[in-house]
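Just below is one structure, and these are the notes that go with it.
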Amino acid sequence: MTLFDRMLWLIAFRSLMQHRLRTLLLGTAIAGVTALLVTVTGMYVGIRTTLLVSATTLMSGHVNVSGFYKATASQSSPVVTGYKKVREVVQAAVPELDYVVQRGRGWAKLVSDRGSAQVGIGGIDIAHEPGFRKVITVQAGNLDDLNRPDGILLFEEQAKRLEVKVGDVLTIVAPTFRGTNNTLDVTLVAIASNIGMLSSWNIYMNDQGLRRLYQLNEETTGALQLYLKDIEQVPGVQERLRVALGRAGFELLDPDARPFWMKFDAVNRESWTGQKLDVTNWEDETAFVQWIVTALTVMATMLIAALIAIIGVGIMNVMWISIRERTREIGTLRAVGMQRTSVLAMFVAEGFLLGLLGTVGGGVVGLALSLGLTAAEIALPKSWQFVFFSERLVVSPTAAWVLFSVGFITLAITAISIIPSFLAARLKPITAMGHVG
Amino acid sequence: MHRFVSFLAVLALSSPALADMTKEELHALLVEQDERQRSSGDYKALAYVEQKEKDKADVVRELLIFRRDADDKLMLLFTKPKSEEGKGYLRLDKNLWSYDPNSGKWDRTTERERIGGTNSRRSDFDESRLAEEYEPKFDGEEKLGKYETIRLELTVKPGVDVAYPVVKLWLDKANHNVLKRQEFALSGRLMRTAYYPKWQKLFSESKKADVWFPGEIRIFDEVEKSNSTLVLMRSVDLSPLDQNMFTKAWLESKSR
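Going down the list, the sequences are from chains P and X. This note's numbering puts the first sequence at residues 2 to 438. This note's numbering puts the second sequence at residues 4 to 259.
Here it is, written out as structure tokens:
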């Protein structure tokens, strides 16, 4: 008999059914681990998806053309001068482009009557930001009021910290890019729900307001954010853009996979003056939060590995007990002509069947649990929101990850069952038949 | 030159028609301010900076100030509290560098940055460059407490980068000391008000004249009204300093 023999699988199945309690216990444990793996991978996908959607709306495009302008060798400003010409090159070179927006960038002190905070500022033209509305959930006020030159949007946590409500006037204090202090009185027009870490220090204001604060002309912006029809095309587009911008006569910074605000020191150390462009992607601009996804992956892997190890030891023990219980049976099978390889195959098939039944059951439970958790819209504690980039728990199981979980754990269980199966196959028929146990 | 500038300044402030002061006379007032505080040799002082901020405990910092005005050099070295010990600033050419011994890193900061996170700026500890940076305009007379003062409005000269493009100065008519200074942002908003209740002087051998310095500066943040800073200057010494001390290596060695 080989692994392809129907009889072998029938024997394995009947054996499992004969020892229902043991099968149930082991199957439940395997199902539990599978359900956990499906849920954890769902959380991983949920966080990554939320991060992608939030980050590519709040602080980065899929691909960005930003840069630095240096009036002197040691003083740089994160601006793109003459951005309209740059946009023309971008539009000609990227047919995959869905849409492109320009964003002002700044770092300033926001002062209310009751408090103050250092914030990163995004200057936006709300009329041309289709993605922004999809990500932002307005709690109070009106997003359209960001078209007012003095309009500003804060996130819930920031508004609470500064003790302000819609309609209140705040002051933004910032040095212009020439170092002269300037202020701008702004009106809070909208308060949005928090989006984890990304909303803890970012605020948004009318683009014209930002220009007034930093004394920028109409041809200057912080960055062009490109949104593609398919995000998988990012690497190709990024490379092509570098070539196209270079050919159009623009100076480019060397590739550096870090957010723009981490590049000031390096840029200031270089001796050039004037404008240099930088082409980055969304992963570069969110490199400082990617560690969360990595840490979560490592933790989940370690947890699953530990659980599989524990379950594996249990399975090995139970199969060993099963072999001892069935020693006489093995002896009889060997006496009537069953080969050692067939005995090995029979026990491996039993392990595989047990694993498959457990993991399929676990996969279904995990899937239901994941969907249930998302549907329940469980509010996350503040500290968790920071890491999960969302106010509510989002678990997004995918078919690929569910199949991976089922396949991986079934294979692990089968592999673990090989050792006791091998020991069973080595028994001599005469010894096995005479065994009293 | 120094005497001529002083003569012009005295003439300007003693004139009954202050509003009719010429551009030259007003400029002479600024030159006099710079000249009075200029030390042609070296300058060392011990300063205490007390920072008051809303919802935070008051923090007092002690720092040493080193200046070599002839070469536009300035160095600040924090000595207290323990958490700030060894931190420092060094002005090299047109750059102001800050040093943190905890990370061992130097960071270039703008010349306009707050010193040690307080409301004080580099300019509060450095030599005065009013005549070089601003155009003065007569802005009226005012009684400040018991002092009769003349008020000047200074506007930054074209092409000069300063923290505040408009500054108002209140000069004591009797002795020409600055008693009050207000600084305005580009938007015209008042940002800082500083009071100079105590002026002191020391005779400088190299300058062959007195060097004036404010013994006390009270700075009020006009945007975050509850924040203020008190700067006390102590132990001013005009003796020559080590020739090679205005270097990163020297500051790092003092931080170890």
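Even for Gly, the Cβ is constructed at its ideal location relative to N, Cα and C.
Sequence-distant Cβ neighbours of E220 of chain P in its own chain, meaning closer than 7 Å and more than five residues away, are T82, G83, Y84, K85. When DSSP states are grouped into helix, strand and coil, S418 of chain P belongs to the helix group. Residue pairing by DSSP places P176 of chain P opposite P:N182 in a beta bridge. It is roughly 15 Å from the alpha-carbon of S77 of chain P to the alpha-carbon of P260 of chain P. Excluding residues up to 5 positions away in sequence, Y167, V170, M194, R195 lie with their Cβ nearer than 6 Å to the Cβ of E186 of chain X in the same chain. Runs of the beta strand (DSSP E) spanning 3 or more residues and lying entirely within the segment 57-101 of chain P occur at 64-73, 76-78, in chain order.
Straight through space, the alpha carbons of L174 of chain X and V280 of chain P are spaced by roughly 53 Å. Within the segment 172-206 of chain P, contact with chain X at the beta-carbon level (separation under 9 Å) is assigned to T172, V174, P176, T177, R179, G180, T181, N182, N183, T184, L185, D186. If you check the CB distance, A56 of chain P and T138 of chain P do not come in under 8 Å. Counting C-beta atoms within 10 angstroms of its own C-beta, A224 of chain P has 16 or more neighbours from the protein chains shown and is therefore classed as buried. Looking at the DSSP output, G275 of chain P bridges to P:K71. Sequence-distant partners of D213 of chain X (beyond 5 residues in either direction) whose C-beta falls short of 8 Å from its own C-beta, in its chain, are R39, K204, L205, F206, S207.
Per the Cβ contact rule, the segment 18-32 of chain P is in contact with the segment 360-374 of chain P (3 or more Cβ pairs under 8 Å). Taking 8 Å as the cut-off, the Cβ atoms of S209 of chain X and S43 of chain X count as close.
Taking CB atoms only, Q159 of chain P has no neighbour in chain X less than 8 Å away. When rounded, the separation of the alpha-carbon atoms in S61 of chain P and E227 of chain X is 32 Å. Exclusion of the five residues before and after F156 of chain P leaves A193, N195, S200 as the residues of its chain whose Cβ lies within less than 6 Å of its Cβ. Nearest neighbour of Y199 of chain X by Cα position, chosen from X:V163, X:L147, X:K211, turns out to be X:L147.
Taking C-beta atoms as the reference points, G168 of chain P and T184 of chain P fail to come closer than 8 Å. For V112 of chain P, the nearest CB of chain X lies under 8 Å from its own CB, placing it at the interface with that chain. Residue pairing from DSSP places L233 of chain X in a beta bridge opposite X:E53, X:R221.
In the DSSP annotation of this structure, the continuous segment of the beta strand (DSSP E) that includes W173 of chain X starts and ends at 169-175.
At a cut-off of 8 Å, the C-beta of Y167 of chain X has a neighbouring C-beta in chain P.
Per DSSP, K76 of chain X lies in no alpha helix (DSSP H); the unbroken beta strand (DSSP E) holding it starts and ends at 76-83. Contact between L211 of chain P and G124 of chain P holds: their C-beta atoms lie close to 3 Å from each other, under 8 Å.
Legend: CB atoms of the segment 207-226 of chain P lying less than 9 Å from CB atoms of chain X belong to residues R213, L214, Q216. V159 of chain X and E97 of chain P have their C-alpha atoms some 49 Å from each other. Straight-line spacing of the CA atoms in Y137 of chain X and V63 of chain X works out to 32 Å. Comparing alpha-carbon positions, the option among P:L394, P:P382, P:Q276 lying closest to L374 of chain P turns out to be P:L394. Within the DSSP bridge table, the entry for M434 of chain P names no partner. Residues S422, F423, A426 of the same chain have their beta carbon placed closer than 7 Å to that of L345 of chain P, with the five preceding and five following residues left out of the count. V46 of chain P sits close to S397 of chain P, with the two beta carbons spaced by under 8 Å. Of the residues P:M263, P:P236, P:R213, P:N143, the one whose Cα lies closest to the Cα of K166 of chain P is P:N143.
Counted as a single uninterrupted DSSP element, the stretch harbouring F141 of chain X is not any alpha helix (DSSP H) but the beta strand (DSSP E) occupying residues 137-147. Using a Cβ-Cβ cut-off of 8 Å, N269 of chain P counts as an interface residue toward chain X, since at least one Cβ of chain X sits closer than that to its own. Think of a sphere of 7 Å around the beta carbon of R111 of chain X: the chain P residues whose beta carbon falls inside it are S75, N269, in chain order.
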